[in-house]
Amino acid sequence: MAGERKLQILQALAEMLQTPTAEKVTTAALAAHLNLSEAALYRHFASKAQMYEGLIGFIEQSIFGLINRITTTQDSGSAQLEAMIKMLLGFAEKNPGMARVLIGEALVNENERLQARINQLLDRIEASLRQSLRIASAQLETRADATLAANLLLCVVIGRWQLFAKSGFKRMPTADFTGQWEMLRLVFAV
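The numbering used here applies: residue 53 is where the sequence shown begins, and numbers increase by one.
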């Protein structure tokens, strides 16, 4: 029951982050949304930072589970890259509240360790992209420098997430993906 209630709290937090307004989610508002007292929230989480850590943990598990699936089912480095970028954009599109966490918008004025954890997550995504670029290079699918190209691809993803959140979730991250991927393929000769 306690685990189920924790999950309900995290789902409610994610749901509240999906509102297009950039209002800060307070524990009082979260408790009211769940028809609970703030004390009831704190029986499950020691702090609001712990709640955000739970969301970040969900994001990490989801994204890296999907990345692992992509890298084990796709032999081609360029196919891995395309699938990863599409998945990262689609993840944010399906989880708008998580997009606000990924770009750090939801973490403004929260504990700084939360942004540090997101930065680590982004570093791990970049490392995964770099590895696929190295595979693509070994397969003669690209001549691009893996470090530079991985960083540029991460910037594209973060930029698409940012546009999505800042547009009030109207500018879909996956919009025009096929055409944009073709342009990126030309840049990287992937």
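Beta carbons: idealized from backbone N, C-alpha and C, even for Gly.
Contact set for residue i: own chain, Cβ-Cβ below 7 Å, skip 5 residues either direction
{"i": "residue 90", "result": "79, 80, 83"}
{"i": "residue 144", "result": "150, 151, 154, 213, 216, 225"}
{"i": "residue 199", "result": "182"}
{"i": "residue 209", "result": "137, 140, 141"}
Range covered by the alpha helix (DSSP H) that runs through residue i
{"i": "residue 208", "result": "198-218"}
{"i": "residue 100", "result": "100-125"}
{"i": "residue 230", "result": "229-240"}
{"i": "residue 163", "result": "First-last for residue 163: undefined, no H or E at that position."}
{"i": "residue 148", "result": "148-154"}
Among the options, the one whose alpha carbon lies nearest that of residue i
{"i": "residue 231", "options": "134, 140, 206, 219", "result": "134"}
{"i": "residue 102", "options": "162, 174, 222, 195", "result": "162"}
{"i": "residue 85", "options": "115, 194, 64, 218", "result": "64"}
{"i": "residue 119", "options": "211, 236, 62, 174", "result": "174"}
{"i": "residue 160", "options": "100, 187, 188", "result": "100"}
{"i": "residue 165", "options": "104, 59, 228, 58", "result": "104"}
{"i": "residue 115", "options": "218, 190, 146", "result": "146"}
{"i": "residue 169", "options": "57, 88, 108", "result": "108"}
{"i": "residue 66", "options": "218, 77, 57", "result": "77"}
{"i": "residue 207", "options": "113, 171, 58", "result": "171"}
Residue i in three-state terms, based on DSSP
{"i": "residue 97", "result": "coil"}
{"i": "residue 138", "result": "helix"}
{"i": "residue 71", "result": "coil"}
{"i": "residue 128", "result": "coil"}
{"i": "residue 143", "result": "helix"}
{"i": "residue 87", "result": "coil"}
{"i": "residue 195", "result": "coil"}
{"i": "residue 223", "result": "coil"}
{"i": "residue 58", "result": "helix"}
{"i": "residue 79", "result": "helix"}
6 Å CB neighbourhood of residue i in its chain, flanking five on each side removed
{"i": "residue 220", "result": "72"}
{"i": "residue 202", "result": "178, 181, 182, 185"}
{"i": "residue 132", "result": "122, 123, 126, 184"}
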